[in-house]
Amino acid sequence: MLSLTREVGQQILIGDDVVLTVLSVSANGRVRLGIEAPKQVRIDRKEVLDRIRQSNIESANTTGSASVNAADWAAYGARRANTRAKTSEP
Amino acid sequence: MIELEEEGSMLTANAPILIAPSALTFQRDLPGFRGARHFKVEPLGGSLSGIFANLCCTDTVYLQDELPLNNLVLLTMSPGALWPDYEVHVEDEMVDQLEIREPDDVALLVIVHPQEPLINSTVNLYSPIVYNRRTGAADQLVPSVTEEEFRWSLRTPFPKE
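From first to last, the protein sequence lines are chains A and B.
Offset between the first sequence (1-based) and my numbering: plus 258.
Offset between the second sequence (1-based) and my numbering: plus 11.
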């Protein structure tokens with residue numbers, strides 16, 4: 259991993275058109291970064307994307323093992339219809 | 012009815028619509044699955060017609076550890092069908108990328124984590140799939156805010172009995 263030391267206000271250029279700017283560093287260690295990049299460049303918080311990735315994989319793994327059978331659908335539909343009827347009563 | 016309101020620099024999308032069969036092209040790989048860009052949306056029938064759909068990948072897909080994955084299928088649902096107040100903020104970049112021109116263009120799908128029986132399933136309301144119904148352009152929303160709660164129970168919308 260490339261390690262660079264930068265001060266507040268200094269910038270890093272990645273490729274031709276991505277610019278990182280160190281905006282501030284707080285006493286508790288939080289660093290605020292400004293990022294300028296073309297619209298087609300995705301910028302995501304890594305831990306958020308990792309969590310979505312993991313969730314997607316788990317959901318795909320279980321699809322197929324859970325039998326979404328006709329009886330399930332019928333019971334679910336009946337319960338929803340029942341709920342709607344109850345909530346629409348005066 | 013879909014609402015797409017301007018709120019600062021973002022749009023608010025809420026699409027309580029029935030799912031129609033369609034083909035989606037993701038702007039990048041679906042997170043977690045390398046190569047997964049083209050999907051068919053196949054609504055499930057029965058008493059809940061149009062609320063749930065299988066999202067079936069038509070590409071060769073690899074998991075992150077390089078294992079090929081055959082028949083990637085995700086169970087999804089239209090969030091507005093169960094949660095009429097559900098809405099997400101779609102940033103300008105995504106509106107541009109998906110070429111969303113008018114409110115009716117937008118539709119949402121949320122990924123279900125299926126359990127047996129179905130009512131015990133949970134749903135990822137945090138990062139829905141946003142797609143353009145006119146063009147099929149799609150992407151999974153990666154919100155800029157972190158939430159502790161990630162999956163919601165299908166039981167959530169039911170009033171206490």
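Think of the CB as a built atom: it goes at the ideal place given N, C-alpha and C, for glycine as much as any other residue.
Given the structure is predicted, the values throughout are model-derived calculations rather than measurements.
8 Å Cβ cutoff, residue i in contact with chain A
i	result
residue 54 (chain B)	no
residue 104 (chain B)	yes
residue 135 (chain B)	yes
residue 39 (chain B)	yes
residue 120 (chain B)	no
residue 35 (chain B)	no
residue 74 (chain B)	yes
Interface residues of chain B facing residue i [CB-CB closer than 7 Å]
i	result
residue 310 (chain A)	42, 138, 151, 153
residue 275 (chain A)	Those do not exist, as residue 275 (chain A) stays about 15 Å from chain B at its closest Cβ, beyond 7 Å.
residue 300 (chain A)	39
Close beta carbons around residue i, own chain, < 8 Å, minus the five adjacent residues each side
i	result
residue 84 (chain B)	65, 66, 67, 68
Length of the line joining the Cα atoms of residue i and residue j
i	j	result
residue 316 (chain A)	residue 72 (chain B)	15 Å
residue 265 (chain A)	residue 81 (chain B)	49 Å
residue 313 (chain A)	residue 307 (chain A)	10 Å
residue 107 (chain B)	residue 149 (chain B)	12 Å
residue 270 (chain A)	residue 40 (chain B)	28 Å
residue 281 (chain A)	residue 268 (chain A)	8 Å
residue 263 (chain A)	residue 128 (chain B)	55 Å
residue 322 (chain A)	residue 123 (chain B)	Because residue 322 (chain A) sits at a pLDDT of 48, beneath the cut-off of 50, its placement in the model cannot be relied upon, and the following sentence gives the value as read from the coordinates. Computed Cα separation, rounded: 12 Å.
Cβ shell of residue i (< 7 Å), same chain only, five flanking positions each side left out
i	result
residue 116 (chain B)	143, 144, 145
residue 325 (chain A)	A caution first: residue 325 (chain A) carries a pLDDT of 42, below 50, which makes its placement in the model unreliable, though a value can still be read off. Closer than 7 Å at Cβ, skipping near neighbours: no residue.
Cutoff 6 Å; reference residue i; Cβ partners in own chain excluding five residues on either side
i	result
residue 164 (chain B)	133
Short CB-CB distance (under 8 Å) between residue i and chain B
i	result
residue 286 (chain A)	no
residue 307 (chain A)	yes
residue 326 (chain A)	The pLDDT assigned to residue 326 (chain A) is 49, lower than 50, so where the model puts this residue is not dependable; a value taken from the coordinates is nonetheless given after this. Interface residue, yes.
residue 304 (chain A)	no
Contacts that residue i makes with chain A (C-beta to C-beta distance below 8 Å)
i	result
residue 124 (chain B)	313, 316, 317, 320
Whole-angstrom C-beta distance between residue j and residue i, which should lie under 8 Å
i	j	result
residue 139 (chain B)	residue 119 (chain B)	5 Å
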